[in-house]
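Colleague:
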Amino acid sequence: MFLQKRKRFSLGLVIVMLVSLLAACGQGNNGGGKASGTAGGNGAAANAGNVGEGEDGGKKQTTLEFWSVVAPGSSDYDAYMAAIKQFEEQNPDIKLNIQTVSFEILHDKLVAAINAGNPPDVSWGLAEWIGEFNKLDGLADLTANFEAWDEKDSIYPNVMDGVTVDGKVIAVPHYLGIRALLYNEDLLKQAGMSEPPKTWEELIASGEKIKQATGKYAFGIAGAGVRSPQELIAYLAQNDLQLAVPTSGGKYKNTWKDNPEELQRATEVFQFYKDLKDKGVISPDAKAWGWEEEDTNFAQGQYAMVVNGNWMGTRVEENPETMKNVKVTAPPAGKKAATFMEIAPMFVFKKSKNPEAAWKFAQFIMGKDYQAGYNEYRSPRKDVSRDDMWGKDFTDLAEIGVFFPNVSLGGITQAMIDSLQRALVKNDPADQTAEWLSDQINQQLKQNGEYGE
C-alpha cells in the first residue's frame with residue numbers, strides 16, 4: 186500500500202523534502218553518529234564479507250547489498266537517492282549496491298533469500314513480516330548495537346517495542362504511518378458542531394445531526410480489504426484489548442474467551458461497528474469499501490470525518506475546495522485513547538556478509554539527517570517533525586500508537602476482515618462475532634506454531 190500512497194505525493198511536497206535534505210547535506214553532519222559494534226552478535230560478525238586490508242594498509246571498499254522499494258521515476262526518488270548518496274559520502278569505505286524490488290514481490294523474494302541462506306545485508310520491509318522473519322531465524326539481533334547507540338532515546342519507546350521480540354531488537358524503525366481523525370470543519374459547523382467528537386458515543390450521535398444539516402454521512406470506514414484490520418485493531422485497543430498477548434516461551438494467545446470482561450469489551454467493539462451502519466453514521470456502501478473508496482470519497486467531500494493517514498495531504502491539490510477546511514485531531518476514543526501506527530522497519534539480516542557496515546547504514550537510517558531530509562512528516566524520532574497539520578499533528582499521536590503483535594499475520598488479518606463482514610454484511614450478533622474472531626486468532630496461532638498457554 187505504501188507505493189500506492191507514495192505515487193500521489195505532490196510535486197510541492199517533494200520539493201520541500203529535497204530542500205530540507207540539501208540543507209542537511211550542507212551541514213556535513215552524520216546524525217547517526219558512529220557505528221557501535223556489529224550487527225548480529227549471534228555469529229554473523231564472522232562473515233566479514235569483502236572488508237579487508239589493501240596494499241596501502243587502508244580498508245578496501247565494502248559493498249552492501251540493499252533492497253529498496255523506491256523506484257526510478259517515483260515522485261520522491263531524487264530526494265531518496267540524495268539521502269543515500271549522503272551516506273556514501275560520509276562512509277567512503279562503504280558502497281551500496283541497490284536492488285529495486287516492489288513491495289508486491291519483496292516479501293516472497295526475501296523469504297526465498299532467507300531460506301537459501303543468501304539474503305541481502307539490509308532491506309526495506311513491512312511490520313507484518315517481522316514475526317514471520319523472526320520465526321525463520323532470518324533477522325540479526327541488534328539489541329547490543331541499539332543499546333550502545335548514543336541517540337537511542339530519540340526514538341519513541343513504543344516504536345521500539347514494535348521492532349522488539351522476546352526482548353531482542355530485530356529491526357530498526359524506518360518510518361511511521363500514524364492515523365488521526367480528519368474532519369471537514371465546514372460540514373461540522375453546518376451541523377452546529379463546534380468541535381469533532383471525542384468519544385464513540387459522540388461520534389454515533391453526530392450521524393443524524395450531520396445527515397440532516399448537510400445530506401452527507403458523518404463518518405467513513407474501510408469495511409473490507411487490507412486497511413480494515415488496521416482500523417479494527419485500533420478500535421480494539423481503544424477498548425483496552427489486544428489481539429494476542431505474549432505467553433511463555435515467546436508464544437501468544439487470544440484471551441478474550443478466558444475473561445468475560447475482555448469478551449464483553451470485544452463485543453462492544455463489534456456493536457460499535459454495527460451501530461455505525463444501523464444508525465446511518467456511515468454509508469451503507471462502506472461495508473464493502475477498501476482504502477481507495479475510503480480515501481477518495483472523503484477527499485471529494487462525500488462524508489465529514491475519517492480516521493486516516495497523512496498521505497491524505499496529497500489529495501489537497503486534486504480536491505482544493507473539498508479539502509481546504511479539513512483539520513486533524515486525535516481519533517474518538519472508547520475506554521482509552523489509541524490509534525493505529527504502522528511501523529515500517531528496515532531489516533538487517535542474520536546472514537549478512539557485512540554486519541558492521543549493515544549496522545552503520547541502519548544507524549544512519551534512524552539518524553536525524555536522513556529522517557529530517559526524507560521522513561520529516563513520518564519520522565520515528567521524537568526530534569523530527571514537519572511543523573504543519575500533515576506532520577506534527579500526526580506525529581504528536583505516536584505515543585498512543587498501537588500495532589500488530591509480532592506473529593505471522595496472514596491468516597489473522599484475513600479473519601479480522603471476515604469478522605467485519607460477519608458483523609456488517611451477514612448481521613451476525615456482536616457477541617457471536619467476537620467469539621468467532623477469538624477462536625480464529627488462536628487457530629491461526631496454533632497452525633503457525635505460535636500458540637501458547
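Here my numbering runs 185 ahead of the position in the sequence shown, where the first position is 1. Quick reminder that beta carbons are idealized off the backbone N, C-alpha and C, glycines included.
Would you check if there are 3 or more beta carbon pairs closer than 8 Å linking the region 416-436 to the region 446-463?
Modeller: Short answer: they touch.
Colleague: In the DSSP assignment, find the unbroken beta strand (DSSP E) run with G362 in it and report its ends.
Modeller: It spans 357-369 - the beta strand (DSSP E) in which G362 sits, taken as one unbroken run.
Colleague: Counting C-beta neighbours from all protein chains within 10 Å, is the total for A229 16 or more, i.e. buried, or is it exposed?
Modeller: Low confidence applies to A229: its pLDDT is 34, below 50, so where it sits in the model is not reliable, and the reading given next is rough at best. A229 should be labelled buried.
Colleague: Is I406 helix, strand or coil by DSSP?
Modeller: I406 falls in the coil class under three-state DSSP.
Colleague: Please determine if the region 500-515 and the region 338-351 are in contact, where contact requires at least 3 C-beta pairs separated by less than 8 Å.
Modeller: No: fewer than three Cβ pairs fall under 8 Å.
Colleague: Judging by CA-CA distance, which residue of I550, N493, A297, A518 is the nearest neighbour of G362?
Modeller: Minimum Cα distance to G362 is reached at N493.
Colleague: What number of angstroms, rounded off, separates the C-alpha of I406 from the C-alpha of G465?
Modeller: Distance between the alpha carbons of I406 and G465 is about 13 Å.
Colleague: Just to confirm, is the Cβ distance from I355 to D322 under 8 Å?
Modeller: Cβ atoms of I355 and D322: not closer than 8 Å.
Colleague: Measuring only the C-alpha atoms, how far is E274 from D443?
Modeller: Rounded to the nearest angstrom, the two C-alpha atoms are 56 Å apart.
Colleague: Touch check for the region 343-360 and the region 514-528: three-plus C-beta pairs under 8 Å?
Modeller: Counting Cβ pairs under 8 Å, three or more are found: they touch.
Colleague: Report the partner residues of W252 according to the DSSP bridge assignment.
Modeller: DSSP lists Q284, S308 as partners of W252.
Colleague: Since I believe V255 is in contact with L367 (beta carbons under 8 Å), could you give me their beta-carbon distance rounded to a whole number of angstroms?
Modeller: Wrong, their Cβ atoms sit about 26 Å apart, outside the cutoff.
Colleague: Residues in its own chain within less than 6 Å of F455 by CB, not counting five upstream and five downstream?
Modeller: For F455, where only same-chain residues beyond five positions count, the Cβ hits under 6 Å are A608, A615, T618, A619.
Colleague: Where K577 and R500 are concerned, what is the direct C-alpha to C-alpha distance, given to the nearest angstrom?
Modeller: Looking at the two C-alpha atoms, the distance is approximately 18 Å.
Colleague: Identify the continuous beta strand (DSSP E) that holds K320 and give its terminal residues.
Modeller: No beta strand (DSSP E) holds K320; the alpha helix (DSSP H) holding it covers 315-320.
Colleague: Using a threshold of 8 Å, state whether the C-beta atoms of N539 and I315 are closer than that.
Modeller: No, the pair does not count as a contact, with Cβ atoms beyond the cut-off.
Colleague: What does the Cβ neighbour count give for P445, buried or exposed, with the cut at 16 atoms within 10 Å?
Modeller: Looking at its Cβ environment, which holds fewer than 16 other Cβ atoms inside 10 Å, P445 is exposed.
Colleague: Taking three-plus beta-carbon pairs below 8 Å as touching, is the region 460-476 in contact with the region 390-400?
Modeller: Touching, yes.
Colleague: Within the chosen definition, does the region 558-578 reach the region 394-404 through at least 3 CB pairs nearer than 8 Å?
Modeller: The region 558-578 is not in contact with the region 394-404.
Colleague: State yes or no: is the C-beta of W621 nearer than 7 Å to some heavy atom of the ligand ZN?
Modeller: Among the ligands in the structure shown, none appear at all, so the ligand ZN cannot be discussed.
Colleague: Expressed to the nearest angstrom, what Euclidean distance is found between the alpha-carbon atoms of F272 and S287?
Modeller: Their backbone Cα atoms lie some 23 Å apart in a straight line.
Colleague: In chain order, which continuous runs of the alpha helix (DSSP H) of length 4 or greater are located wholly inside the region 412-445?
Modeller: Runs of the alpha helix (DSSP H) inside the region 412-445: 412-423.
Colleague: Measure the beta-carbon distance from L295 to P304 and round it to whole angstroms, keeping in mind my assumption that it falls under 8 Å.
Modeller: Contact holds; Cβ gap of about 7 Å.
Colleague: Report the CB separation of A365 from L582 in whole angstroms; it is logged as a contact under 8 Å.
Modeller: Rounded, the Cβ-Cβ distance is 6 Å, consistent with contact.
Colleague: Mind listing, in chain order, the continuous alpha helix (DSSP H) runs of no fewer than 4 residues lying wholly within the region 497-554?
Modeller: You should have 505-508, 540-551.
Colleague: Can you list, in chain order, the residues of its chain with a C-beta nearer than 7 Å to that of V610? Leave out the 5 residues immediately preceding and following it.
Modeller: If we look at V610 and ignore the five residues flanking it on each side, its Cβ neighbours are K472.
Colleague: Cutting at 7 Å between CB atoms, please list the residues of its own chain near K553, excluding the five before and the five after it.
Modeller: Correct list, in chain order: G216, R566, D568, V569.
Colleague: Buried or exposed: which applies to G211, given that a residue is buried once 16 or more other Cβ atoms fall within 10 Å of its Cβ?
Modeller: Only weak support is given to the placement of G211: the predicted model assigns it a pLDDT of 35, under 50, and the question is left unresolved by the model.
Colleague: Reducing DSSP to helix, strand and coil, say where L324 ends up.
Modeller: Looking at L324 - three-state DSSP - the assignment turns out to be strand.
Colleague: For L605, which residues in the same chain have their Cβ closer than 6 Å to its Cβ, ignoring the five residues on either side in sequence?
Modeller: Answer for L605: G408, S413, listed in chain order.
Colleague: From S433 to G310, what distance separates their C-alpha atoms?
Modeller: The alpha-carbon atoms of S433 and G310 are separated by roughly 27 Å.
Colleague: Quick one: is D293 buried, meaning 16 or more other Cβ sit within 10 Å of its Cβ, or exposed?
Modeller: So D293 counts as exposed.
Colleague: Per DSSP, M490 forms a beta bridge with which residues?
Modeller: DSSP output for M490 lists Y368, F404 as bridge partner(s).
Colleague: Among Q548, I626, G302, E638, which has the Cα closest to the Cα of T328?
Modeller: Minimum Cα distance to T328 is reached at Q548.
Colleague: Could you tell me the distance, in whole angstroms, from the CA atom of S537 to the CA atom of F546?
Modeller: About 13 Å.
Colleague: Count the other C-beta atoms from every protein chain shown that fall within 10 angstroms of the C-beta of V430, then say buried if there are 16 or more, exposed otherwise.
Modeller: Result: exposed.
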